[in-house]
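Below is one structure; the comments refer to it alone.
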C-alpha cells in the first residue's frame, strides 16, 4: 500500500493538534484522522463515530500493525514538515503537554 498524499489541517486546541486527510494509492481518500497529544505523546487517531451510548467506534482503521505504522509514519513526516514551516518540532509539541 502506498500513501500518495497527506494533508495536515492544524487546529489550536489543547490536545487535538490537527486533522489529517490521507490518499491511498491515488484512488482512495480517508478524512478526519486526528493527531492527538495523549499522556505518552502524540498519536494518530482513526476516524470515528460516536455511538448512542457515548462511546466511539472507528469507522476506518488498519487491520494490522504494519499498516498502522505506515500510516502513522506518513502522517508524522508531513506534520513535522508543517511544524518546521512554523518553526516548531514534534518534541516541543510533546513536551508542551
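Residue numbers (our numbering): 1 to 97. Every residue gets a Cβ at the ideal spot worked out from N, C-alpha and C, and that includes glycine. Given the structure is predicted, the values throughout are model-derived calculations rather than measurements.
Looking at the unbroken alpha helix (DSSP H) that takes in residue i, where does it start and where does it end?
{"i": "residue 71", "result": "65-85"}
If we count the other Cβ atoms within 10 Å of its Cβ and call it buried at 16 or more, is residue i buried or exposed?
{"i": "residue 74", "result": "buried"}
{"i": "residue 63", "result": "exposed"}
{"i": "residue 17", "result": "buried"}
{"i": "residue 78", "result": "buried"}
{"i": "residue 11", "result": "exposed"}
{"i": "residue 71", "result": "buried"}
Hey, could you find the ends of the beta strand (DSSP E) residue i is sitting in?
{"i": "residue 57", "result": "56-58"}
If we call anything under 8 Å between Cβ atoms a contact, is residue i one with residue j?
{"i": "residue 23", "j": "residue 34", "result": "no"}
{"i": "residue 47", "j": "residue 29", "result": "no"}
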